[in-house]
């Protein structure tokens, strides 16, 4: 079968844009978004033609306290409905469940009782059997499902192959290629997308891409995956997300040729909220410490600490990272 | 002949890194760099293993007044020598000459009287005959030469082919692929690099890449050109350059595997100078207005005016740009 990988003039109707601003951006501000921000983002996504809006995590209240986080850490049904009502729009609603951190049996309602459309399960490679249980649960309750295998830049190739094979045999709809550490160059994304696509096509699944901007490659890697067959594309407004952040929604919508997408409402949202969010103390986006953790294929936590601590002794930080290798 | 396009483990010895911080960055601050900045950048480049340092333009004093610009707009021999002495290091010295704006017959000395190694001629497609005269002049005086064809995203393919053919028949050493407006996506850079390489190989020339960061693709496009055969790579410290700026030197040195390159001195330079330069009022780097001029394949001047005017009404600016199409 010849893949339709698109070109720079026409468009592929299988492409879906997923706005993760609340979910990945919530990792920046502890999910402390104002109701106005969330409602306006919802309206913005509808007007922009975005396909999915991820509201946050379905975190277990046995593990995390509601006193410590904003409500989008938990995404209670009534909180989502307070924003979207019955969501009588084409925009679909997504939430993320973390393996081991979600009380999915209780907190994921049956689809007929929920306004959520898509449940995305984030898993490490060693948690795949549990992830599959969670996926089956969500699938049987009536949801679309994705699985997002994290930190694969640290995973041996043969383990990744086995994990992908296991997941592809489950009822999951979409398998995500995730560059958790912003460690991959486009030529690696090309090769990995090809690997994921080969398995996806064998089992009738689709592929998504979730990139981080440590090396200012989140957008480049997203369109690299897209032009090799990925069809679900994660982005956030102005790249808001943990550490160096994500693929910019602005760049992605400006790139896509499908007339359903409209950049203007997103620019208006940026004008109204993003500088204000930064002035509240939310820090994200490309910076040397994230470049270094990306290049060294490390978790961004040490870089986040460096940046939030207002340090600028980059060379010393680099030596600290090398000591941890 | 099989091209050696490199891989992610070994390195290509033909790669040369060109630091354009003073030249492209001078367009941001009117070449008002302190002597300390310039001397420290020179020492930084030596320690970092950078191959060429571009000091600025050789602008005509008949056209531009020395009262209106810092000295690196003109790059007088004695000003360069005040920094580099006889330049007893591997780092080579470069200057740029603009077609129609350089009194090259008088201001480019014979190589034996100059510490400059490389003369780079920037030309628009319609100026190529004059560019060739300038290149021949520099070549006969004893310099290495490059030609940088600007604004090719606005040029018809057959004109570009004819221009490249003419230039390849001259004595120029290196032909630059320049993305003046930050308009190209990596797949376009791939195709263009291939075009430039085919002509270069036919005439025994090399290819360089000079990218702009309007779509946060300057680094991605630079390594895309690199992995398709380009060997001279332009970068600036923290991307300092006109509008959205250039490929970050930090990213590029972190990517290259040749042990001659060293990221640490560049990070130390950033720590000492870059935040301070921004606090002096120098504005550059990715922002929505540059994304828009990039996507619309327009000169960044209107976006620079928007950003310097502290405007944030992006949607109105977008409509203004569309009106100019």
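Protein chains in written order, with the numbering used here: chain W, 1 to 325; chain A, 1001 to 1325. Glycine included, C-beta positions come from ideal geometry on N, C-alpha and C.
Check, Outcome
"Please list, in chain order, the residues of the stretch 282-296 of chain W that have any C-beta partner in chain A closer than 7 Å.", "288, 291 and 295"
"Taking just the CA atoms, how far does residue 43(W) sit from residue 1232(A)?", "47 Å"
"Determine, using beta carbons only, whether residue 296(W) and residue 263(W) come nearer to each other than 8 Å.", "no"
"Would you kindly check if the distance between the Cβ of residue 1041(A) and the Cβ of residue 1242(A) is under 8 Å?", "no"
"Check whether the stretch 1044-1059 of chain A touches the stretch 1084-1094 of chain A, taking contact to mean three or more Cβ pairs, one atom from each stretch, closer than 8 Å.", "yes"
"Is any beta-carbon of chain W found at less than 8 Å from that of residue 1273(A)?", "no"
"Thinking C-alpha only, which one of 1066(A), 1080(A) and 1194(A) is nearest residue 1035(A)?", "1080(A)"
"Apply the 10 Å Cβ neighbour rule to residue 205(W) and answer buried if 16 or more other Cβ atoms are within range, or exposed otherwise.", "buried"
"Taking the beta strand (DSSP E) that residue 53(W) falls in, what are its first and last residues?", "52-57"
"Which same chain residues, not among the five before or five after residue 168(W), have their C-beta less than 8 Å away from its C-beta?", "175, 199, 200, 202, 203 and 205"
"When you compare each of 1029(A), 1032(A) and 1050(A) to residue 1258(A) by their alpha carbons, which one comes out closest?", "1050(A)"
"State the start and end residues of the unbroken alpha helix (DSSP H) segment that holds residue 240(W).", "Note, residue 240(W): premise wrong, no alpha helix (DSSP H); not H, not E."
"With a cut-off of 8 Å on the beta carbons, I'd call residue 983(A) and residue 1144(A) a contact; round off their distance for me.", "As displayed, chain A neither begins before 1001 nor continues past 1325, which places residue 983(A) out of reach and without an answer."
"So residue 1239(A) and residue 1214(A) are supposed to be a Cβ contact under 8 Å. How far apart are they, rounded?", "Between residue 1214(A) and residue 1239(A) the Cβ distance is about 11 Å, and since that is not below 8 Å, they are no contact."
"Please name the residue or residues paired with residue 177(W) in a DSSP beta bridge.", "149(W) and 209(W)"
"Kindly list the residues whose CB is nearer than 8 Å to the CB of residue 287(W), restricted to its own chain and excluding five residues on each side of it in sequence; keep chain order.", "244, 303 and 307"
"Would you identify the three-state DSSP class for residue 349(W), choosing helix, strand or coil?", "It is not possible to answer for residue 349(W), since the shown part of chain W is limited to 1 through 325."
"From this set, 1221(A), 1171(A), 1141(A) and 1173(A), which residue's C-alpha is nearest residue 1180(A)'s C-alpha?", "1221(A)"
"Quick one: which residues of the stretch 1236-1252 of chain A get their C-beta closer than 8 Å to a C-beta of chain W? List them in chain order.", "1248, 1250 and 1251"
"Taking the beta carbon of residue 1018(A) as the centre, do at least 16 other beta carbons fall within 10 Å, making it buried, or is it exposed?", "buried"
"What ranges does the alpha helix (DSSP H) occupy inside the stretch 1062-1148 of chain A, keeping only unbroken runs of at least 4 residues that lie completely in it?", "1077-1084, 1104-1107 and 1128-1141"
"In angstroms with no decimal places, state the Cα-to-Cα distance between residue 1177(A) and residue 1235(A).", "14 Å"
"Determine contact between the stretch 1100-1115 of chain A and the stretch 1131-1142 of chain A, defined as no fewer than three beta-carbon pairs at a distance below 8 Å.", "yes"
"For a contact defined as C-beta to C-beta under 7 Å, what are the partners of residue 1223(A) on chain W?", "185"
"So, are the CB atoms of residue 1099(A) and residue 1134(A) less than 8 Å apart?", "yes"
"Contact defined as beta carbons within less than 8 Å: I believe residue 226(W) pairs with residue 196(W). What is the distance between those atoms, to the nearest angstrom?", "Between residue 196(W) and residue 226(W) the Cβ distance is about 13 Å, and since that is not below 8 Å, they are no contact."
"Consult DSSP for residue 9(W) and reduce its assignment to one of helix, strand or coil.", "coil"
"Specify the secondary structure class of residue 1028(A) as computed by DSSP and reduced to three states.", "helix"
"Would residue 1032(A) and residue 1070(A) qualify as a contact pair, given that the criterion is a beta-carbon distance under 8 Å?", "yes"
"Counting contacts by CB-CB distance shorter than 8 Å, is residue 127(W) in contact with chain A?", "no"
"Examine the ligand ATP and report whether any of its heavy atoms sits within less than 7 Å of the Cβ of residue 1247(A).", "The ligand ATP is not part of this structure, which contains no ligands at all."
"Determine the direct distance from the alpha carbon of residue 275(W) to that of residue 1059(A), and round the result to whole angstroms.", "39 Å"
"Whose Cβ in chain W lies nearer than 8 Å to the Cβ of residue 1160(A)?", "Under the 8 Å cutoff, chain W gives no residues; its nearest Cβ is about 17 Å from residue 1160(A)."
"In the DSSP assignment, what are the bridge partners of residue 16(W)?", "232(W)"
"Given a threshold of 16 other Cβ atoms within 10 Å of its Cβ, counted over all protein chains shown, does residue 267(W) qualify as buried or as exposed?", "buried"
"Tell me where the alpha helix (DSSP H) around residue 219(W) begins and ends.", "218-226"
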